[in-house]
Amino acid sequence: MWGGRFAEGPAAVMREINASLPFDKRMWRQDLAGSRAHLAMLAAQGIVDAEAADRIAGGLATIAADYARDGVPDDLSLEDIHMLTESRLADAIGPDAGRLHTARSRNDQVATDFRLWVRDAIDEVDAALTALQAALLDRADEHAASVMPGFTHLQSAQPVTLGHHLMAYHEMLRRDRSRFADARRRLNECPLGSAALAGTGFPIDRDATATALGFDRPTANSLDAVSDRDFALDYLQAATQAALHLSRLAEEFVLWASQPFGFVNLSDQWSTGSSIMPQKRNPDAAELVRGHAGRITGCLVALTVTMKGLPLAYSKDMQDDKPPVFEAHDLLGLCLAAMTGMVESATFRTDRMRQVAEAGFSTATDLADWLVREAGVPFREAHHITGRAVRAAEEAGVALDSLPLQTLAAIDARIDARVYDVLSVDASVASRTSHGGTAPANVRAAVTRAREEMR
Ligand code: ARG
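In the working numbering, the protein residues as written are 59 to 513.
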C-alpha cells in the first residue's frame, strides 16, 4: 500500500512489531461501517462517480459476508484491518478500490473505528451493570428486614439490614453507569474527514458522515481528532472504577463465605472444590473478580503512560491503545456476569448474621441514645453508663437485651423497663429511619424508587 518509494520490503520482525491486525481485526464491523459512510458521502459530493461507488459498495458487502463467515485472517504483511480490507477490495473489484481512500487517512479512519467500538462497548457494559443492579434489587427486597452486623474497622459496630448493605452496592453501580454514560456523551463526535492530520482539500461533507455513523457532530480540530484517545481513557477510567466496586463486593463474599463468618453459602455453580481437601468450597469466582480489578487497573495505567508524552498528531505508539481497552472490556464483562450469577444464587445465612449481630453488643449506641432521649442525660455521660452496661453483659455472658432490669437500674437509676424497646437488634434497625438510614421501611422505599428509575 505504501511501497512506492521503498526498494526493499520490511524485515520479518519489522512486520511483526508493526502489525496490529491480530488485535484490531476485532473492529472489522466498525471499519466497514466507517467505509460505507465515507463512500456514500464521496458519491453524494461527486468526488467518486456513481458507477465506481456502486462497485465499491458491492465489494464491501462481499468482504463483510466473508469476514462474518470465515473470520478475519491474520496476515501480518497487511499490517492492520484497514489495509487488509482495502487489499481484499482490490482483489474483488480491481483498481476502483483505490478510490475509497480519497480524502481519508488511516489516522482518521482508525480514530473513527475505535470510537465506534468503544461506544458499542459502553452499551454492553451498561446492560451488564443494569442486570447486576436488578439482581441486587431483588435480593435487597427479599432481605429488607434481615438483620446483620454492620462493621466499621471490620469490628461489629451497629446492626444494619442486609438489604441496606446490598443497596449500597446498587448505589455504586448507579454512579458507574453515569460515568459510562458521561464517557459516551463526550465520545460521540466523528473524527472522519480529519484525514491524516490537517483536513483535506476535497469538498467533503463531514456532517453527513457524522450523522450516518450516529455521531452528534464532527470533531472540531483535525489535529486533535486524529491524536485524541481521551474516549479510550474515559472508558478505562470508568471500567477501573466499576471493577473496584465489584472487587469490594467480591471481597465481602470471600469473607462472608469463610467458616468464621458463615454469612453466605455460594451456590455450587459459583464455587470450586479442592483436589486434596474434600470439605472445601472455594469462592474462586469472587477471588477472580477481586483479582481482575488489578488487571483492569493495569490496562488503564498502560494506556495512560502510552499517551502521556506524545506530540501532535498521530504517532504509531497509539496503535497500542487497543489491546488494553479490549482486555479491560473482556475482563469487566466476565466480572459483571460472574457477580450477577453469585448475587442471584447466593444463600444468605440470615440466622448466622443475626446471631453475630446480637453477640457484638451492637445496640450499645441505642442504649446511649435512649438515655439521652428519655432521661435527658448528656450524650457523653450516656456513653459512659452504656459502657458499664456492656461490661456487665460481657461478664454475665449475655446480650444487652438479656440483662435483667435490676442490673441495668443498678448501673443507673434512670433506666426503666421501656429501654427494652430499643435494645433488640430488630428495634435498633427499625428505628433508623433517617434519610438514607438502614430501617427496613427505608430499604423497601429505596428498592421501589430504584425500580422506578430503572424502568
Ligand atoms: N494500525 C494503525 C493504528 O492502529 C492505523 C493507523 C496507521 N497510521 C499510520 N500513519 N501509520 O493506529
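Ideal Cβ positions, reconstructed from N, Cα and C, are used throughout, including at glycine. Computed from a predicted structure; not experimentally measured.
* Any idea what DSSP makes of M206, helix, strand or coil? -> For the purposes of this step, residue 206 is identified with residue 148 of the sequence shown, where counting begins at 1. Strand at M206.
* Compare the beta carbon distance of T219 and P249 with 8 Å and say whether it is the shorter of the two. => As a first step, residue 219 is located in the sequence shown; it is residue number 161 there, counting from the start. As a first step, residue 249 is located in the sequence shown; it is residue number 191 there, counting from the start. No, Cβ-Cβ distance for T219 and P249 is not below 8 Å.
* Cβ neighbour criterion (16 or more within 10 Å) applied to R233 -> Within the sequence shown, numbered from 1, the residue matching residue 233 stands at position 175. Exposed: under 16 other Cβ atoms inside 10 Å.
* Using a threshold of 7 Å, is the CB atom of M376 nearer than that to any non-hydrogen atom of the ligand ARG? -> Here residue 376 is taken as the residue at index 318 of the sequence shown, counted from 1. Checking every heavy atom of the ligand ARG against the Cβ of M376, one is found closer than 7 Å.
* **Closer than 7 Å: V168 CB and nearest the ligand ARG heavy atom** => Numbered from 1 along the sequence shown, position 110 holds the residue referred to as residue 168. V168: yes, Cβ under 7 Å from the ligand ARG.
* To do: Measure the C-alpha to C-alpha separation of V130 and G117 and round it to an integer number of angstroms.
  => If you number the sequence shown from 1, residue 130 lands on position 72. If you number the sequence shown from 1, residue 117 lands on position 59. The straight-line gap separating the alpha-carbon atoms of V130 and G117 is approximately 16 Å.
* For F406, the residue or residues it bridges with in DSSP -> For the purposes of this step, residue 406 is taken as the residue at position 348 of the sequence shown. The partner list for F406 (beta bridge, DSSP) reads V322.
* To do: Report whether the distance from the Cβ of H493 to the nearest heavy atom of the ligand ARG is below 7 Å.
  => Here residue 493 corresponds to residue number 435 of the sequence shown, with the count starting at 1. The answer is no for H493.
* Environment of K83 [buried if 16+ CB atoms lie within 10 Å] -> Position 25 of the sequence shown holds residue 83. K83 should be labelled buried.
* Look at the alpha carbon of D424 and the alpha carbon of R449, and state the distance between them as a whole number of angstroms. => For the purposes of this step, residue 424 is taken as the residue at position 366 of the sequence shown. For the purposes of this step, residue 449 is taken as the residue at position 391 of the sequence shown. Each residue's Cα considered, the two are about 16 Å apart.
* Asked: Would you report the Cα separation of S482 and E416, rounded to the nearest angstrom?
  -> By one-based count along the sequence shown, residue 482 stands at place 424. By one-based count along the sequence shown, residue 416 stands at place 358. Rounded to whole angstroms, S482 to E416 spans 8 Å at the Cα level.
* Identify the continuous beta strand (DSSP E) that holds P498 and give its terminal residues. => Locating residue 498 in the sequence shown gives position 440, where the first residue counts as 1. Where P498 is concerned, there is no enclosing beta strand (DSSP E), although the alpha helix (DSSP H) it sits in stretches over 498-512.
* Quick one: grab the DSSP three-state call for A215. => Within the sequence shown, residue 215 is the residue found at index 157, counting from 1. Judged by DSSP in its simplified three-state form, A215 adopts strand.
* To do: Report the partner residues of P68 according to the DSSP bridge assignment.
  => Taking the sequence shown and counting its residues from 1, the one referred to as residue 68 is at position 10. In DSSP, P68 forms no bridge with anything.
* Would you mind giving the Cβ-Cβ distance between A226 and E402, rounded to the nearest angstrom? I have them listed as a contact below 8 Å. => Here residue 226 refers to the residue found at position 168 when the sequence shown is read from its first residue. Here residue 402 refers to the residue found at position 344 when the sequence shown is read from its first residue. Wrong, their Cβ atoms sit about 18 Å apart, outside the cutoff.
* Asked: Is the distance from the Cβ of A110 to the Cβ of L271 below 8 Å?
  -> Taking the sequence shown and counting its residues from 1, the one referred to as residue 110 is at position 52. Taking the sequence shown and counting its residues from 1, the one referred to as residue 271 is at position 213. The Cβ-Cβ distance between A110 and L271 does not fall below 8 Å.
* To do: Tell me where the alpha helix (DSSP H) around I262 begins and ends.
  => For the purposes of this step, residue 262 is taken as residue 204 along the sequence shown, with counting starting at 1. No alpha helix (DSSP H) contains I262, which DSSP labels as neither H nor E.
* Asked: Quick one: Cα of G314 to Cα of F321, how far?
  -> One-based indexing of the sequence shown puts residue 314 at position 256. One-based indexing of the sequence shown puts residue 321 at position 263. Reading off the sequence, residue 314 comes out as Trp, not Gly. Rounded to the nearest angstrom, the two C-alpha atoms are 5 Å apart.
* **Any non-hydrogen atom of the ligand ARG closer than 7 Å to D138 Cβ** => Position 80 of the sequence shown, counted from the first residue, corresponds to residue 138. Relative to the ligand ARG, the beta carbon of D138 is positioned inside 7 Å of a heavy atom.
* Uninterrupted alpha helix (DSSP H) stretches inside the region 318-375 (no shorter than 4 residues) -> 342-365, all fully within the region 318-375.
* Own chain residues within Cβ distance below 8 Å of Q327, not counting five before or after -> Counted from its first residue, the sequence shown places residue 327 at position 269. G399, S403.
* To do: Give a yes or no on contact between the region 384-397 and the region 445-459, applying the rule of three or more CB pairs nearer than 8 Å.
  => The region 445-459 and the region 384-397 do not touch, with fewer than three beta-carbon pairs separated by less than 8 Å.
* With F172 and R244 assumed to form a contact (beta carbons below 8 Å), what rounded beta-carbon distance in angstroms separates them? -> Along the sequence shown, read from residue 1 onward, the residue named residue 172 stands at position 114. Along the sequence shown, read from residue 1 onward, the residue named residue 244 stands at position 186. In fact, because the Cβ distance is near 14 Å, the residues do not count as touching under 8 Å.
* Asked: Does the beta-carbon of A119 have 16 or more other beta-carbons within 10 angstroms, so that it is buried, or is it exposed?
  -> Working through the sequence shown from its first residue, we reach residue 119 at position 61. The residue is exposed, with fewer than 16 neighbouring Cβ atoms inside 10 Å.
* Rounded straight-line distance, which links the Cα of L195 to that of R264 -> In the sequence shown, the residue the question calls residue 264 occupies position 206. In the sequence shown, the residue the question calls residue 195 occupies position 137. If you take the alpha carbons of R264 and L195, they lie about 44 Å apart.
* Considering only residues of the same chain and omitting the five flanking positions on each side of S214, which have a CB-CB separation below 6 Å? -> Taking the first residue of the sequence shown as 1, we reach residue 214 at position 156. For S214, where only same-chain residues beyond five positions count, the Cβ hits under 6 Å are P207, G418, S420.
* With a threshold of 7 Å, establish whether the CB of D132 neighbours any heavy atom of the ligand ARG. => On the sequence shown, residue 132 is found 74 positions in, with the first residue counted as 1. No, the beta carbon of D132 sits no closer than 7 Å to any heavy atom of the ligand ARG.
* For T298, which residues of its own chain have a beta-carbon under 7 Å away from its beta-carbon, when the five flanking residues on both sides are left out? -> For the purposes of this step, residue 298 is taken as the residue at position 240 of the sequence shown. Closer than 7 Å at the Cβ level, and outside the excluded window around T298, lie I354, T355, L358.
* Taking all protein chains shown into account, do 16 or more other C-beta atoms lie within 10 angstroms of the C-beta of Q337, making it buried, or fewer, making it exposed? -> Locating residue 337 in the sequence shown gives position 279, counting from the first residue. Exposed, because fewer than 16 other Cβ atoms sit within 10 Å of the Cβ of Q337.
* If you measure from the CB of D124, is any heavy atom of the ligand ARG nearer than 7 Å? -> The residue labelled residue 124 in the question sits at position 66 within the sequence shown. Incorrect: D124 has no Cβ contact closer than 7 Å to the ligand ARG.
* Length of the line joining the Cα atoms of A108 and M397 -> Position 50 of the sequence shown, counting from 1, holds the residue named residue 108. Position 339 of the sequence shown, counting from 1, holds the residue named residue 397. Whole-angstrom Cα-Cα distance: 52 Å.
* To do: Flag this pair as yes or no: are the beta carbons of M411 and S204 separated by less than 8 Å?
  => Stepping through the sequence shown from its first residue, residue 411 is reached at position 353. Stepping through the sequence shown from its first residue, residue 204 is reached at position 146. Yes, they are a contact pair.
* Residue nearest to A155 in terms of C-alpha spacing, selected from K380, R162, L147 -> Against the sequence shown, residue 155 aligns to sequence position 97. Out of K380, R162, L147, L147 has the C-alpha closest to the C-alpha of A155.
* Which residue spans inside the region 220-292 form an unbroken beta strand (DSSP E) run of at least 3? -> Within the region 220-292, no complete beta strand (DSSP E) run reaches 3 residues.
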